[in-house]
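Below: one structure, written as structure tokens.
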Amino acid sequence: MNIFRLLGDVSHLLAIIILLLKIWKTRSCAGISGKSQLLFALTYTTRYLDLVTNFVSVYNTFMKVVFLAASYATIWLIYMKFRATYDQNHDTFRIEFLLLPVTILSLVANHEFTLIEILWTWSIYLEAVAILPQLFMVSKTGEAESITSHYLFALGSYRGLYILNWIYRYYMESYYDLIAIFAGILQTVLYCDFFYLYITKVLRGQRLQLPA
Amino acid sequence: EAAEAPKDEL
Numbered sequence: 307m308n309i310f311r312l313l314g315d316v317s318h319l320l321a322i323i324i325l326l327l328k329i330w331k332t333r334s335c336a337g338i339s340g341k342s343q344l345l346f347a348l349t350y351t352t353r354y355l356d357l358v359t360n361f362v363s364v365y366n367t368f369m370k371v372v373f374l375a376a377s378y379a380t381i382w383l384i385y386m387k388f389r390a391t392y393d394q395n396h397d398t399f400r401i402e403f404l405l406l407p408v409t410i411l412s413l414v415a416n417h418e419f420t421l422i423e424i425l426w427t428w429s430i431y432l433e434a435v436a437i438l439p440q441l442f443m444v445s446k447t448g449e450a451e452s453i454t455s456h457y458l459f460a461l462g463s464y465r466g467l468y469i470l471n472w473i474y475r476y477y478m479e480s481y482y483d484l485i486a487i488f489a490g491i492l493q494t495v496l497y498c499d500f501f502y503l504y505i506t507k508v509l510r511g512q513r514l515q516l517p518a
Numbered sequence: 237e238a239a240e241a242p243k244d245e246l
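Chain order of the listed sequences is W and C.
Quick note: the first sequence uses the working numbering, first residue 307, plus one each step.
Quick note: the second sequence uses the working numbering, first residue 237, plus one each step.
Put into structure tokens, the structure is as follows:
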């Protein structure tokens with residue numbers, strides 16, 4: 307473990323908690339893409355299958371359980387409890403356009419052709435693009451509540467911090483995983499225009515307005 | 237190829 311990965315995990319945890327609290331407190335999931343949340347739940351489910359078979363540390367197990375529980379709780383809030391506030395008309399990204407390439411790529415570019423490894427690879431590639439329906443929805447509605455933009459900033463920062471973690475591990479531990487690195491860079495790059503708007507607007511107290 | 241370290245990252 308290193309400070310970059312720890313900060314990354316904390317940022318990731320923060321994002322998930324911010325989202326849960328926002329929906330629970332405002333009793334509304336307006337502006338939130340249920341599709342992205344479905345993709346995140348799929349990501350954690352296929353990545354943490356080794357939750358019971360491969361014990362890494364208490365921290366690792368704890369965080370996996372929290373991520374799984376929080377992502378399914380968020381889906382429950384969006385599609386069940388506060389379903390009336392789910393903005394279906396703006397959450398229209400065709401996720402099959404994500405699932406197909408991710409599935410093909412995970413079958414072609416992986417470390418080992420075993421079910422567990424393919425599912426892990428699938429989850430890595432899926433996570434890289436899972437935020438697209440949410441970013442698409444924000445661009446479609448033309449704006450995002452500030453709490454939603456804080457959620458996106460924390461979520462985007464987490465994988466950016468993981469990149470620093472991978473640089474650290476390459477030099478200090480001679481460890482690297484090209485699949486995780488490639489997907490992590492893509493994932494972080496997808497947030498770039500949002501990061502620019504967040505830093506130039508939201509941090510100055512303005513609303514996040516995207517050119518529709 | 238990647239080092240065969242166990243998958244210790246989240």
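We treat Cβ as the ideally placed atom computed from N, Cα and C, and that holds for glycine.
Among the options, the one whose alpha carbon lies nearest that of residue i
i	options	result
Ile491 of chain W	W:Ser480, W:Thr506, W:Ala379 and W:Glu433	W:Glu433
Ala336 of chain W	W:Glu402, W:Asn416, W:Pro407 and W:Phe388	W:Phe388
Asp356 of chain W	W:Leu503, W:Ser429 and W:Lys507	W:Ser429
Ala260 of chain W	W:Glu449, W:Leu374, W:Ile437 and W:Gly340	Residue 260 of chain W is absent from the model: chain W starts at 307 and stops at 518.
Ile323 of chain W	W:Thr454, W:Gln493 and W:Tyr504	W:Thr454
Glu451 of chain W	W:Ser463, W:Asn416, W:Gly511 and W:Tyr350	W:Gly511
Leu496 of chain W	W:Ala415, W:Glu402, W:Gln440 and W:Ile505	W:Gln440
Leu404 of chain W	W:Ile338, W:Leu344, W:Ile469 and W:Phe310	W:Leu344
Arg333 of chain W	W:Leu406, W:Ala390, W:Phe442 and W:Gln493	W:Ala390
Glu423 of chain W	W:Tyr504, W:Tyr354 and W:Leu325	W:Tyr354
Glu449 of chain W	W:Thr494, W:Lys507, W:Tyr392 and W:Tyr431	W:Lys507
Cα-Cα separation, residue i to residue j
i	j	result
Ser342 of chain W	Trp426 of chain W	18 Å
Asp483 of chain W	Tyr502 of chain W	28 Å
Leu514 of chain W	Thr420 of chain W	44 Å
Thr352 of chain W	Thr380 of chain W	17 Å
Ala518 of chain W	Lys446 of chain W	Per-residue confidence for Ala518 of chain W stands at a pLDDT of 49, beneath the threshold of 50, marking its modelled position as unreliable; the derived number appears in the next sentence. One C-alpha to the other measures close to 6 Å.
Leu348 of chain W	Ala486 of chain W	17 Å
Leu319 of chain W	Gly462 of chain W	12 Å
Leu406 of chain W	Tyr476 of chain W	31 Å
Ala239 of chain C	Ile410 of chain W	The predicted position of Ala239 of chain C is uncertain, since its pLDDT is 49 and thus under 50; no value can be drawn from it.
Glu237 of chain C	Asn416 of chain W	Bear in mind that a pLDDT of 45 at Glu237 of chain C, under 50, signals an unreliable position, so the model cannot answer this.
Ser339 of chain W	Ala460 of chain W	16 Å
Ile401 of chain W	Asn395 of chain W	15 Å
Glu418 of chain W	Pro242 of chain C	13 Å
Glu479 of chain W	Met369 of chain W	23 Å
Trp472 of chain W	Asp397 of chain W	33 Å
Asp315 of chain W	Tyr481 of chain W	19 Å
Proximity of residue i and residue j at Cβ, strictly below 8 Å
i	j	result
Asn308 of chain W	Tyr474 of chain W	yes
Leu313 of chain W	Leu467 of chain W	yes
Val444 of chain W	Leu327 of chain W	no
Tyr464 of chain W	Ala321 of chain W	yes
Tyr350 of chain W	Ser317 of chain W	no
Trp330 of chain W	Leu413 of chain W	no
Val408 of chain W	Val372 of chain W	no
Phe310 of chain W	Leu470 of chain W	yes
Glu364 of chain W	Asp244 of chain C	Here residue 364 of chain W turns out to be Val, not Glu, going by the sequence shown. Going by C-beta atoms, Val364 of chain W is not nearer than 8 Å to Asp244 of chain C.
Under 9 Å from the C-beta of residue i: neighbouring residues of chain C
i	result
Met369 of chain W	Leu246
Arg465 of chain W	Simply none; closest approach about 11 Å.
Asn366 of chain W	Asp244, Glu245 and Leu246
Residue i in three-state terms, based on DSSP
i	result
Glu449 of chain W	strand
Gln295 of chain W	With chain W covering 307 to 518 only, the question about residue 295 of chain W has no answer from this structure.
Ala239 of chain C	The predicted model places Ala239 of chain C with a pLDDT of 49, which falls under 50 and marks its position as unreliable; any figure quoted below should be read in that light. Coil at Ala239 of chain C, not helix or strand.
Gln305 of chain W	Residue 305 of chain W is absent from the model: chain W starts at 307 and stops at 518.
Leu374 of chain W	helix
Leu246 of chain C	coil
Gln394 of chain W	coil
Gln515 of chain W	strand
Phe388 of chain W	coil
His456 of chain W	helix
Contact list for residue i against chain C, beta-carbon separation under 7 Å
i	result
Trp426 of chain W	Lys243
Arg513 of chain W	The contacting residues do not exist; Arg513 of chain W stays about 32 Å from chain C at best.
Closer than 8 Å at the beta carbon, the chain C residues around residue i
i	result
Val435 of chain W	Residues of chain C passing the Cβ test: none, with the nearest at roughly 18 Å.
Val362 of chain W	Pro242, Lys243 and Asp244
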